[in-house]
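Trainee: Below: one structure in structure tokens.
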Amino acid sequence: MTKIYDVIGVGFGPANIALAVAIEEKALGGQYLFLEGSTAPDWQAEMLIDGSDTQHNPLRDFVTPRNPVSPYGFLSYLKSKDRLFDYLNLGLEFPYRLEYARYIRWVARQFDRWVSYGERVTAISRAGDSGELVRVETSLGRILLTRTLSFGPGRTPFVPEVFRKDFSGRVSHFTGYLTANARWCNEGSLSSIAVIGSSQSAVELTLDLSARYPDAQIHNIFRSFSYQLKDTSPFTENVYFPEFVDDFYNAPIELQKKLTHEILRSNYSSADMDVIKSLYHKLYVQKLDGRERIHLHNMSDITCAELEGNQVRLDLHNSLKGRDTTMMVDAVVLATGFRNLGVASNDEFLPALLENLAGDVSRRSDGSVKVERDYLIASDDPDFPSIFLNGLCESTHGFGDAGSFSLLSLRSWMIAEKIEALTTQEALCDRPHSYQEATVL
């Protein structure tokens, strides 16, 4: 007999870790299970490159903005590791990415009782007499039922159309960078590598590849004229205030899009001054030594990409000079970001795992999925199950819901409060508690 869980979480990255913390601190009763495809709790494991840091205040962690005395905060982690005074003495604006990843793992490990690692969700559908439950299938062959789903596996990587084909492992999105790099090293030395994009990640990758392969030619290809400095104005940072989420959510769709475009560089298509300066200095020293190894290809579109032997051929069009060129590289890293929920060409209506539910959800006036203020997917079907989009609602809730920690603690608390209300409601309705009593649709 298969029990019906009160909550199943898809993924156990920051979004659902924060939810687990909120559930714990609210002392909610119930049956909880989080399914994570990775074999251990890892955060940005593929981008833990030497010297890299986070891009947010470390106190915007899992709990501090809503509960500064919580034992799950970043300062509590430092204290537990006997590094609090050492850290304070560093004078860092942002912590090292490696240390923050260890903080995240430290918190996650405290919820091992609720997590199944190495178990990936393969399908999601509705179940029950009226479709009021969620049926979850996993890579281990399990079929699970839940009243509430917290969908938080992270955003879908964006891969430009010219790279949506088989390149025999020669092309990797930056979310698989270190694994791909290890594979390339095992296959032989690299003499030329291309990085696509002009974001923070693109600059970091260009610098890291230059350090790993000092004799290789590193090509950074991007459409804009130059790297854009991240907008760190404290006035712009107000978009990460909780009250802005309410304002953004209640704004008309066209105004939401206008605001998103206006504040884009506070989080996207931009880089911090420290990495921009590091790259500029490295380019200068290479010119000084007469050993130029890093090449910037601005104003350039990739019109075609093909695998030829063990290399990738890239056809470029420089729109400023009106010139077409071709280069051969041993590997390509895509620093091309992620897909948001929406109806634009680079968006996705819903993540692939939720496609079975697409016909049952409500839509906004522009055709995109409608999400309630408390992050529940909206539906006109009164029996539609409770499914939270946890960390995927940037298009409806603003940049505070982007892939960052900015409002993670408050969002998770709101979701936990809704779960508490739903659990109380379910108890009053005396719903079935076993798989045998629930009809799978």
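So the sequence shown is numbered by my numbering: it starts at 124 and just counts up by one.
Glycine included, C-beta positions come from ideal geometry on N, C-alpha and C.
Can you tell me whether residue 546 is helix, strand or coil according to DSSP?
Mentor: For the purposes of this step, residue 546 is taken as residue 423 along the sequence shown, with counting starting at 1. Correct three-state label for residue 546: helix.
Trainee: With a threshold of 16 other CB atoms inside 10 Å of the CB of residue 305, please say whether the residue is buried or exposed.
Mentor: On the sequence shown, position 182 is the one that residue 305 refers to. Answer is exposed; the Cβ neighbour count stays below 16.
Trainee: Report yes if the CB atom of residue 274 is closer than 8 Å to the CB atom of residue 133, and no otherwise.
Mentor: Translated into the one-based positions of the sequence shown, residue 274 becomes position 151. Translated into the one-based positions of the sequence shown, residue 133 becomes position 10. Yes, they are a contact pair.
Trainee: Just list the residues that DSSP pairs residue 454 with in beta bridges.
Mentor: Working through the sequence shown from its first residue, we reach residue 454 at position 331. In DSSP, residue 454 forms a bridge with 316.
Trainee: When burial is assigned at 16 or more other CB atoms within 10 Å of the CB, is residue 276 buried or exposed?
Mentor: Within the sequence shown, the letter at position 153 stands for residue 276. When all chains shown are included, residue 276 counts as buried.
Trainee: Which residues in the same chain as residue 442 place their Cβ atom closer than 6 Å to its Cβ, once the five residues preceding and following it in sequence are excluded?
Mentor: Numbered from its first residue, the sequence shown carries residue 442 at position 319. Only 422 meet the Cβ criterion.
Trainee: By the three-class DSSP mapping on this structure, what secondary structure does residue 250 have?
Mentor: Counting from one through the sequence shown, the residue named residue 250 turns up at place 127. If DSSP states are grouped into helix, strand and coil, residue 250 belongs with the strands.
Trainee: In terms of residue numbering, what span does the alpha helix (DSSP H) encompassing residue 209 cover?
Mentor: Taking the sequence shown and counting its residues from 1, one reaches residue 209 at position 86. Looking at the DSSP string, the run of the alpha helix (DSSP H) that includes residue 209 is 207 to 213.
Trainee: Under 8 Å between the Cβ atoms of residue 192 and residue 459?
Mentor: Taking the first residue of the sequence shown as 1, we reach residue 192 at position 69. Taking the first residue of the sequence shown as 1, we reach residue 459 at position 336. No. Outside cutoff.
Trainee: Figure out for me which residue from 413, 419, 279 has the closest Cα to the Cα of residue 402.
Mentor: Counted from its first residue, the sequence shown places residue 402 at position 279. The shortest Cα separation from residue 402 among 413, 419, 279 belongs to 419.
Trainee: I'd like to know if the region 134 to 145 and the region 172 to 189 are in contact, where contact means that at least 3 CB-CB pairs between them fall below 8 Å.
Mentor: Enough Cβ pairs lie closer than 8 Å, so yes.
Trainee: Could you say if the region 352 to 359 and the region 393 to 411 meet the contact criterion of at least three C-beta pairs nearer than 8 Å?
Mentor: Touching, per the Cβ criterion.
Trainee: Where do the ends of the alpha helix (DSSP H) carrying residue 302 lie?
Mentor: As a first step, residue 302 must be located in the sequence shown, where it is residue number 179. Residues 300 to 310.
Trainee: How do the region 368 to 382 and the region 439 to 454 stand: do at least 3 beta-carbon pairs fall below 8 Å, yes or no?
Mentor: They do not touch, by the three-pair rule.
Trainee: So for residue 469, helix, strand or coil by DSSP?
Mentor: Residue numbering aside, residue 469 sits at position 346 when the sequence shown is read from its first letter. DSSP places residue 469 in coil when its eight states are reduced to three.
Trainee: Three Cβ pairs or more, each shorter than 8 Å: is that satisfied between the region 497 to 507 and the region 342 to 351?
Mentor: No: the two stretches stay apart, fewer than three of their Cβ pairs being nearer than 8 Å.
Trainee: Quick check: residue 498 and residue 513, are their CB atoms within less than 8 Å of each other?
Mentor: For this step, residue 498 is matched to residue 375 along the sequence shown. For this step, residue 513 is matched to residue 390 along the sequence shown. Yes; because the gap between Cβ atoms is below 8 Å, this pair is in contact.
Trainee: Taking contact to mean 3 or more Cβ pairs, one atom from each stretch, closer than 8 Å, check whether the region 155 to 163 and the region 231 to 251 are in contact.
Mentor: As far as the Cβ criterion goes, the region 155 to 163 touches the region 231 to 251, which means the pair count is three or higher.
Trainee: Just to confirm the assignment, what range does the beta strand (DSSP E) spanning residue 258 have?
Mentor: The residue given as residue 258 occupies position 135 in the sequence shown. Here the beta strand (DSSP E) through residue 258 covers 256 to 261.
Trainee: Find out if the Cβ-Cβ distance for the pair residue 247, residue 476 is shorter than 8 Å.
Mentor: Walking along the sequence shown from the start, residue 247 turns up at place 124. Walking along the sequence shown from the start, residue 476 turns up at place 353. Taking 8 Å as the Cβ cut-off, residue 247 and residue 476 qualify as a contacting pair.
Trainee: Could you tell me the alpha carbon to alpha carbon distance between residue 448 and residue 170, rounded to whole angstroms?
Mentor: Position 325 of the sequence shown, counted from the first residue, corresponds to residue 448. Position 47 of the sequence shown, counted from the first residue, corresponds to residue 170. When rounded, the distance between both Cα atoms is 30 Å.
Trainee: Would you grab the beta carbon distance between residue 510 and residue 318 for me? Rounded to a whole angstrom, and I think it's under 8 Å.
Mentor: Residue 510 sits at position 387 when you count from the first residue of the sequence shown. Residue 318 sits at position 195 when you count from the first residue of the sequence shown. So it is not a contact: roughly 36 Å between Cβ atoms.
Trainee: Since residue 176 contacts residue 220 with CB under 8 Å, what's their CB separation in whole angstroms?
Mentor: Reading the sequence shown from its first residue, position 53 is the one you call residue 176. Reading the sequence shown from its first residue, position 97 is the one you call residue 220. Contact holds; Cβ gap of about 6 Å.
Trainee: Going by DSSP, what residues sit across from residue 516 in a beta bridge?
Mentor: Residue mapping note: residue 516 aligns to position 393 of the sequence shown, counting from 1. DSSP output for residue 516 lists no bridge partner at all.
Trainee: What is the DSSP secondary structure of residue 438, counted as helix, strand or coil?
Mentor: On the sequence shown, residue 438 is found 315 positions in, with the first residue counted as 1. In this structure, residue 438 counts as strand in the three-state DSSP scheme.
Trainee: Among the residues of its own chain, which have a CB less than 6 Å from the CB of residue 436, if the five just before and after it don't count?
Mentor: Along the sequence shown, read from residue 1 onward, the residue named residue 436 stands at position 313. Cβ within range, chain order: 429, 451.
Trainee: List, from N- to C-terminal side, the beta strand (DSSP E) runs of 3 residues or more that fit wholly inside the region 355 to 432.
Mentor: Fully enclosed beta strand (DSSP E) runs of 3 or longer: 417 to 420, 423 to 431.
Trainee: The beta strand (DSSP E) that contains residue 133, what's its start and end?
Mentor: Position 10 of the sequence shown, counted from the first residue, corresponds to residue 133. Counting along the chain, the beta strand (DSSP E) containing residue 133 begins and ends at 127 to 133.
Trainee: Throw me the rounded Cβ distance for the residue 457 and residue 294 pair, which I believe falls under 8 Å.
Mentor: The count along the sequence shown starts at 1 and reaches residue 457 at position 334. The count along the sequence shown starts at 1 and reaches residue 294 at position 171. So it is a contact: roughly 7 Å between Cβ atoms.
Trainee: Would you report the Cα separation of residue 312 and residue 173, rounded to the nearest angstrom?
Mentor: On the sequence shown, position 189 is the one that residue 312 refers to. On the sequence shown, position 50 is the one that residue 173 refers to. Between residue 312 and residue 173, the C-alpha separation is close to 20 Å.
Trainee: For residue 519, collect the residues of the same chain with a Cβ closer than 7 Å to its Cβ; drop the 5 residues on either side in sequence, then sort them by chain order.
Mentor: Taking the first residue of the sequence shown as 1, we reach residue 519 at position 396. Closer than 7 Å at the Cβ level, and outside the excluded window around residue 519, lie 372, 494.
Trainee: So what's residue 140 in DSSP terms, helix, strand or just coil?
Mentor: Position 17 of the sequence shown, counted from the start, is the residue given in the question as residue 140. Residue state, collapsed to three classes: helix.
Trainee: Please report the Cβ distance between residue 425 and residue 230, rounded to the nearest whole angstrom; I am assuming they are in contact, meaning their Cβ atoms lie under 8 Å.
Mentor: Numbered from 1 along the sequence shown, position 302 holds the residue referred to as residue 425. Numbered from 1 along the sequence shown, position 107 holds the residue referred to as residue 230. Incorrect: roughly 40 Å between the Cβ atoms, too far for contact.
Trainee: Under the assumption that residue 386 contacts residue 359 (Cβ atoms under 8 Å), give the Cβ distance between them as a whole number of angstroms.
Mentor: Your numbering for residue 386 matches position 263 in the sequence shown. Your numbering for residue 359 matches position 236 in the sequence shown. Confirmed, about 6 Å.
Trainee: Nearest to residue 528 by CA position, among 179, 217, 378, 328, is which residue?
Mentor: The residue you call residue 528 lines up with position 405 of the sequence shown. It is 179 whose Cα lies nearest to the Cα of residue 528.
Trainee: Between which residues of its own chain and residue 438 is the CB-CB distance below 6 Å, once the five residues before and five after are set aside?
Mentor: As a first step, residue 438 must be located in the sequence shown, where it is residue number 315. Around residue 438: 426, 427, 449.
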